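Heads up: the sequence shown begins at 0 in numbering that gives the first Met the number 0, then just goes up one per residue. Remarks on the structure that follows.
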Amino acid sequence: MDCIKMVVTMNPCPCGYFGHPTRQCSCTQVAIDRYLQRISGPLLDRIDVHVEVSPVDYDEISGEIGGECSADILRRVLKAREIQTKRYEAMGLDITSNAELPSNVLRTVCKHTPAAAKMLKGAFESMGLSARAYDKVLKVSRTIADLEGAKIIDIQHISEAIQYRSLDRKYWYNR
């Protein structure tokens, strides 16, 4: 299966300040709606992870940021990829990552706790997720669980994966 990795960026409105904590947006609601309609729901559905990036203030960008170092993140990612490769080899699938997982085996691989299932159902209903977006949430939550070395998807994995569907919630929710 051919697989591409693509990163897409966009502003929240023509002026770029819609939702900004300190700057005033100069756009009308009609202009914002017209701008957001330039990206279709079906195209948005095909993007696995949506991340809204907030402005960074001077103290954050200039100071020492305490967080996980890149080498540790790389180790976790390589371990998760190894878990995925072994899982799919054992199943006889010619794939190496959760993103490539076909729908017909998705539910077999993405076993989750009852609490996780309840959260996923709530998100599906309240956010109006499509079947494709539902599958994306499952695949991303499986990856998050793999990064933690967890065999079963739990509520925190589903919760984090849902957070990565922010555009479904924020802009296209009622379209």
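Ideal Cβ placement from N, Cα and C applies to all residues, glycine included. As the structure is a computational prediction, the values presented were derived from the model and not from experiment.
- Boundaries for V7: no alpha helix (DSSP H) harbours it, and the DSSP string shows neither H nor E there.
- In the structure shown, the three-state DSSP call for H49 is strand.
- For H19, the secondary structure class from DSSP, reduced to helix, strand or coil, is coil.
- Listed as beta-bridge partners of H111 by DSSP are I152.
- Within the stretch 69-96, complete alpha helix (DSSP H) segments of at least 4 residues are found at 69-89, given in chain order.
- Linking L77 to I143 through their CA atoms gives a straight-line distance of about 13 Å.
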